[in-house]
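Presented below is the structure to which this report refers.
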Amino acid sequence: MQNYPMSGAYTSGLWLGLVRFLNNPKIPLDTNGVERALRGVAVGRKNHYGSRSERGTRVAALFYSLIESAMLCGVEPRAYLREATLRAARNPGVATLARDFKSAEA
């Protein structure tokens, strides 16, 4: 470690994030679930010709992300998207996260 003082300082600065899963059992040890959830988007790139434009493809990817986030938080996607849209119209620039929607819904 003495040969690499910068790397030790760098690692020390990240240590809390690296061991965070030890204190919170809800944090998975790997990212397999997230990668599996995004697989549909990656495979779908070939099939999004119906989006008709690059912008349409980005919008589709955004909705996939929002829907998947809602499902991961245990929120019904349609209700979440409806309420998030209404809140965005009332408060432009303020995002409603699925996890926040779930706590407000309960």
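With the numbering used here, you'll find the sequence shown wraps up at 112, consecutive numbering, no jumps.
We put the beta carbon where it would ideally sit given N, CA and C, even for glycine.
This structure is a prediction, so every number in the text was calculated from the model and none was measured.
Check: Secondary structure at proline 34, three-state DSSP: helix, strand or coil?
Finding: coil
Next item on the list: Could you pull the start and end residues of the alpha helix (DSSP H) that valine 65 belongs to?
Entry: 60-78
Check: Under the three-state reduction of DSSP, which class applies to alanine 101: helix, strand or coil?
Finding: coil
Check: Quick one, are the C-beta atoms of alanine 90 and phenylalanine 69 less than 8 Å apart?
Finding: no
Note to self: For glutamate 60 and alanine 67, what's the separation of their Cα atoms in angstroms?
What the structure shows: 11 Å
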